[in-house]
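K.L.:
Dropping the structure in here first, questions after.
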Amino acid sequence: MKVLFIGNSHTYFNDMPHLFSDMCRKAGEAETDVTMIAYSGRTLAWHEKEYFSVRFNLLYGNYDYCVIQQAAHPFPPEEETIPHAERLIKLCKSVGTAPVLYMTWAEKEKPENQRNMIDTYTKLANETGTLLAPIGRIWAKIRERYPDIELYYRDGQHASVYGDYLIAATFFAVIAKGDVSKLDDMALDFTKGMVLDFEKPRVIEDKESIGCRLEEEKCRRINRTIKEIL
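So this is what it looks like as structure tokens:
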């Protein structure tokens, strides 16, 4: 399975696509190759203007899925987000690649912004018949239900290692159709080893997370919430 990720730092932070690929492999799902076109602070409007990069990847990459992520902080208005996303979705479908919408989360200090993200992504998914990864909804529910699980990096915007676990596990369920309960007993392996032994080079923005151990119980709670909302 080949997956292309289009977005910004909320896609590449802590090498989340690599984590998704690890989950697929370790849970015995399809071998997964991932590619990113992700630049800090970029919007879908910017990606659309950089047409050849996206177009050539889709034309010649033979991707099964393409994950599409709009800027998040601030989140552009619906009237800007939907037209650009629709054109990228159309491009994906024209080459036989299934688009997947990546619903992001609100800033830690501005939870009220989540509603607009949920409404815009849900409307877009319904109008275009596109797969939706409702990460923002799951994120908000975990914040409400399990305040001891810190999903945010220290800047209050990007994902912590638990946040990235949530994101990757949601894609595992939505794209790979995997059962997230399979991830319960392998959570400890996801954030260690790769950076230290360079089996596959990996960029980790949160240096404190290198080689850290995720708590199994917290991962189980994240997995249960993903299953509940999906």
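According to this note's numbering, the sequence shown is numbered sequentially starting from 886. We put the CB at the ideal spot given by N, CA and C, even for glycine. Source: prediction; values computed, not measured.
1. Is the distance from the Cβ of R1022 to the Cβ of I1111 below 7 Å?
2. Measure the C-alpha to C-alpha separation of P902 and K975 and round it to an integer number of angstroms.
3. Decide if P984 is buried, meaning its Cβ has at least 16 other Cβ atoms within 10 Å, or exposed.
4. Taking a contact to mean a Cβ-Cβ separation below 7 Å, would you say F890 touches T896 in this structure?
5. Which residue from K887, F898, M908 puts its Cα closest to that of L1036?
6. Am I right that N1108 and A1054 are in contact with their C-beta atoms under 8 Å? What's the rounded C-beta distance?
7. Note down, in chain order, each residue of its chain lying with its Cβ closer than 6 Å to the Cβ of T966, except the 5 sequence neighbours on either side.
8. What residue from A1061, S1045, A1018, V1059 has the CA that sits closest to C1104's CA?
9. Starting from the C-beta of V980, find all residues in its chain whose C-beta is less than 7 Å away, skip the five residues before and the five after it, and write them out in chain order.
10. In terms of residues, what are the limits of the alpha helix (DSSP H) holding I1003?
11. Mapping the DSSP letters down to three states, classify Y1050 as helix, strand or coil.
12. Would you mind stating whether I1003 and L973 have Cβ atoms separated by less than 7 Å?
13. Output the distance between the C-alpha atoms of R940 and E1102, rounded to the nearest integer angstrom.
14. Would DSSP call I1034 helix, strand or coil?
15. With respect to the alpha helix (DSSP H) encompassing S968, which residues constitute its N-terminal and C-terminal limits?
16. Here's the rule I'm using: 16 or more other beta-carbon atoms within 10 Å means buried, otherwise exposed. How should S894 be labelled?
P.N.:
Short version:
1. no
2. 23 Å
3. buried
4. yes
5. For L1036, the closest C-alpha among the options K887, F898, M908 is that of F898.
6. 6 Å
7. Q955, T1005
8. S1045
9. L943, L944
10. 999-1013
11. helix
12. no
13. 42 Å
14. Correct three-state label for I1034: coil.
15. One point to set straight first is that residue 968 is Pro, not Ser, in the sequence displayed. Per DSSP, P968 belongs to the alpha helix (DSSP H) from 963-979.
16. Looking at its Cβ environment, which holds 16 or more other Cβ atoms inside 10 Å, S894 is buried.
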